[in-house]
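Residue numbers (UniProt numbering), protein chains in the order written: chain A, 1 to 209; chain B, 1 to 209. Cβ atoms here follow ideal geometry from the backbone N, Cα and C, with glycine treated the same way. Working notes, structure below.
There are 2 protein chains.
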Amino acid sequence: MNEPTLPSRILENAVTEIAKLPGIGRKTALRLALHLLSRDKEVGLKLAEAIHALVRDVKTCRVCHNISESDLCDICSDPRRDASRLCVVEDVRDVLAIENTGQFRGKYHVLGGLINPMAGIGPSDIAVADLPERIQTTGVQELIIALPSTAEGDTTAFFVFKKTKDLSIQITTLARGVAIGEELEYADEITLARSIQYRIPFETSIKSL
Amino acid sequence: MNEPTLPSRILENAVTEIAKLPGIGRKTALRLALHLLSRDKEVGLKLAEAIHALVRDVKTCRVCHNISESDLCDICSDPRRDASRLCVVEDVRDVLAIENTGQFRGKYHVLGGLINPMAGIGPSDIAVADLPERIQTTGVQELIIALPSTAEGDTTAFFVFKKTKDLSIQITTLARGVAIGEELEYADEITLARSIQYRIPFETSIKSL
Chain A
1 MNEPTLPSRI LENAVTEIAK LPGIGRKTAL RLALHLLSRD KEVGLKLAEA
51 IHALVRDVKT CRVCHNISES DLCDICSDPR RDASRLCVVE DVRDVLAIEN
101 TGQFRGKYHV LGGLINPMAG IGPSDIAVAD LPERIQTTGV QELIIALPST
151 AEGDTTAFFV FKKTKDLSIQ ITTLARGVAI GEELEYADEI TLARSIQYRI
201 PFETSIKSL
Chain B
1 MNEPTLPSRI LENAVTEIAK LPGIGRKTAL RLALHLLSRD KEVGLKLAEA
51 IHALVRDVKT CRVCHNISES DLCDICSDPR RDASRLCVVE DVRDVLAIEN
101 TGQFRGKYHV LGGLINPMAG IGPSDIAVAD LPERIQTTGV QELIIALPST
151 AEGDTTAFFV FKKTKDLSIQ ITTLARGVAI GEELEYADEI TLARSIQYRI
201 PFETSIKSL
């Protein structure tokens, strides 16, 4: 079907801008714009103001690159957090996911992306250059590489490892294995193989519960 | 999984507002907000301004309720459009879809919704009250009811029919049948039955191509 011509240039512009968001095509953008038009003006005005405030006022922490409203984020400025453990993650959502487990009291280093040569993203496009200095000046003893188990995640993890392996710290990575609640027969072969290869003492598994 | 607590109230507010859009949950809203933060500020500012302009400047036409930047929409103010044929549709997207076919040169009446008692939407919630007067004062000869073939569409169509049947105009509705390019074996039973019941002379079908 051809693209219908919209009856208003203002609507056309709104649809174009909304359709720039990831995962939102022109059809969905039009549906969202018409939804805003069909509601109380207040709904759309509040949305516009919230987005405006978001890009105007939210920054990234100068130390860990997590999002923050001030120069230093809440985690970096919290003296109760264990500065000897540093967790390297891809993005802010990973910080939220790990924080949500309540299992980690160290600090984070948010790369803001993964090395992906096919997409033209190299080491200089992610926040990795300042990592060795941060480790050396803040007394980090363990670096936990918590990156996704994908080609890009593995490439990036290896790059981080290469950059930090001579710093006389312990470098660890996330355990991979069969998920809690998952039936063995549905786990993929490689994951199951890994979880056998890196099996842990039963008593350890009880203690971690 | 529990909802992670966001590290910024401004981000929290943006996520809440974005998640009010139809079909967008909190997870997607967070992904969109973080996308805006990871891009040039300009992208987010343009989006905010486009939405602001949309709700501030786009109105609905006082005659047909289509969206318009002025009091009277482009279709209603176009003297070349055939005022004797009036097409009743659910919303603006239907106007765009019909305009896109290039097959209709009449005018529209946009209801802005369908009667849906289960959702508490009655006749007074859609733009149907002004329809009889519009028909009588503008010389409409044919009213084409072009509503979706759903329970709500049929209810609304019947309501529009009841309101207009005594106005000595012709009332028609869209042909229902097997779609162009569709295999008969995949058409649903009711549609196929309808297309047999309301079959048309072969010569007519050739002419319409």
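Neighbouring residues, chain A, relative to residue i (Cβ below 7 Å)
{"i": "alanine 33 of chain B", "result": "Leu54"}
{"i": "glutamate 17 of chain B", "result": "Lys46, Leu47, Ala50"}
{"i": "valine 58 of chain B", "result": "Ser8, Ile10, Leu11, Leu37"}
Assigned secondary structure, residue i (DSSP; H/G/I helix, E/B strand, else coil)
{"i": "serine 84 of chain B", "result": "strand"}
{"i": "methionine 1 of chain B", "result": "The predicted position of methionine 1 of chain B is uncertain, since its pLDDT is 45 and thus under 50; a value taken from the coordinates is nonetheless stated next. DSSP places methionine 1 of chain B in coil when its eight states are reduced to three."}
{"i": "tyrosine 108 of chain B", "result": "strand"}
{"i": "isoleucine 51 of chain A", "result": "helix"}
{"i": "lysine 46 of chain B", "result": "helix"}
{"i": "leucine 11 of chain A", "result": "helix"}
{"i": "threonine 156 of chain B", "result": "helix"}
{"i": "glutamine 103 of chain A", "result": "coil"}
{"i": "glutamate 183 of chain B", "result": "coil"}
{"i": "leucine 30 of chain A", "result": "helix"}
{"i": "isoleucine 135 of chain A", "result": "helix"}
{"i": "serine 195 of chain A", "result": "helix"}
{"i": "serine 38 of chain A", "result": "helix"}
{"i": "lysine 163 of chain A", "result": "helix"}
{"i": "lysine 207 of chain A", "result": "helix"}
{"i": "isoleucine 75 of chain A", "result": "coil"}
{"i": "isoleucine 190 of chain A", "result": "helix"}
{"i": "isoleucine 18 of chain A", "result": "helix"}
Straight-line gap, residue i to residue j (C-alpha atoms, nearest Å)
{"i": "methionine 1 of chain A", "j": "alanine 19 of chain A", "result": "Model confidence at methionine 1 of chain A stands at a pLDDT of 44, short of 50, so the residue's coordinates are unreliable; what they give is reported in the following sentence. Approximately 18 Å between the Cα atoms of the pair."}
{"i": "aspartate 154 of chain A", "j": "alanine 146 of chain A", "result": "10 Å"}
{"i": "lysine 41 of chain A", "j": "phenylalanine 159 of chain B", "result": "29 Å"}
{"i": "leucine 36 of chain A", "j": "threonine 173 of chain A", "result": "45 Å"}
{"i": "proline 132 of chain B", "j": "isoleucine 121 of chain B", "result": "20 Å"}
{"i": "alanine 175 of chain B", "j": "isoleucine 144 of chain B", "result": "11 Å"}
{"i": "cysteine 64 of chain B", "j": "isoleucine 180 of chain B", "result": "30 Å"}
{"i": "glutamate 189 of chain B", "j": "valine 178 of chain B", "result": "10 Å"}
{"i": "valine 92 of chain B", "j": "arginine 39 of chain A", "result": "14 Å"}
{"i": "leucine 114 of chain B", "j": "cysteine 87 of chain A", "result": "53 Å"}
{"i": "serine 124 of chain A", "j": "lysine 162 of chain A", "result": "15 Å"}
{"i": "leucine 192 of chain A", "j": "alanine 157 of chain A", "result": "21 Å"}
{"i": "threonine 137 of chain A", "j": "isoleucine 24 of chain B", "result": "43 Å"}
Contacts of residue i in chain A (Cβ-Cβ under 8 Å)
{"i": "arginine 105 of chain B", "result": "By Cβ distance, chain A contributes nothing, its closest Cβ being about 16 Å from arginine 105 of chain B, past 8 Å."}
{"i": "arginine 93 of chain B", "result": "Leu30, Arg31, Leu34"}
Strand pairing of residue i, partner residues [DSSP]
{"i": "asparagine 116 of chain B", "result": "B/Ile121"}
{"i": "serine 149 of chain B", "result": "Per DSSP, none; premise fails for serine 149 of chain B."}
{"i": "valine 95 of chain B", "result": "Answer is none; valine 95 of chain B lacks a bridge partner."}
{"i": "serine 68 of chain A", "result": "A/Lys59"}
{"i": "glutamine 170 of chain A", "result": "A/Glu142"}
{"i": "valine 89 of chain B", "result": "B/Val110"}
Residue i burial status per 10 Å Cβ neighbour count (16 or more: buried)
{"i": "asparagine 66 of chain A", "result": "buried"}
{"i": "arginine 9 of chain B", "result": "exposed"}
{"i": "serine 68 of chain A", "result": "buried"}
{"i": "leucine 184 of chain B", "result": "exposed"}
{"i": "alanine 33 of chain A", "result": "buried"}
{"i": "isoleucine 200 of chain B", "result": "exposed"}
{"i": "lysine 107 of chain B", "result": "buried"}
{"i": "proline 117 of chain B", "result": "exposed"}
{"i": "isoleucine 206 of chain A", "result": "exposed"}
{"i": "alanine 119 of chain B", "result": "exposed"}
Amino acids of chain A, ordered along the chain, whose beta-carbon sits closer than 9 Å to that of residue i
{"i": "arginine 127 of chain B", "result": "Contrary to the premise, residue 127 of chain B reads as alanine rather than arginine in this sequence. Neighbours of alanine 127 of chain B on chain A: none; closest Cβ ~11 Å, over 9 Å."}
{"i": "leucine 174 of chain B", "result": "Here the premise fails: no neighbours, minimum Cβ distance about 17 Å."}
Partners in chain B for residue i, counting only beta-carbon separations shorter than 9 Å
{"i": "valine 110 of chain A", "result": "Under the 9 Å cutoff, chain B gives no residues; its nearest Cβ is about 11 Å from valine 110 of chain A."}
{"i": "glutamate 69 of chain A", "result": "Pro7, Ser8, Arg9, Ile10, Leu11"}
Within chain B, the residues that residue i reaches when beta carbons sit closer than 7 Å
{"i": "leucine 21 of chain A", "result": "Leu32, His35"}
{"i": "valine 43 of chain A", "result": "Lys20"}
{"i": "alanine 179 of chain A", "result": "The premise fails here: alanine 179 of chain A is roughly 13 Å from chain B at the closest Cβ pair, so nothing lies under 7 Å."}
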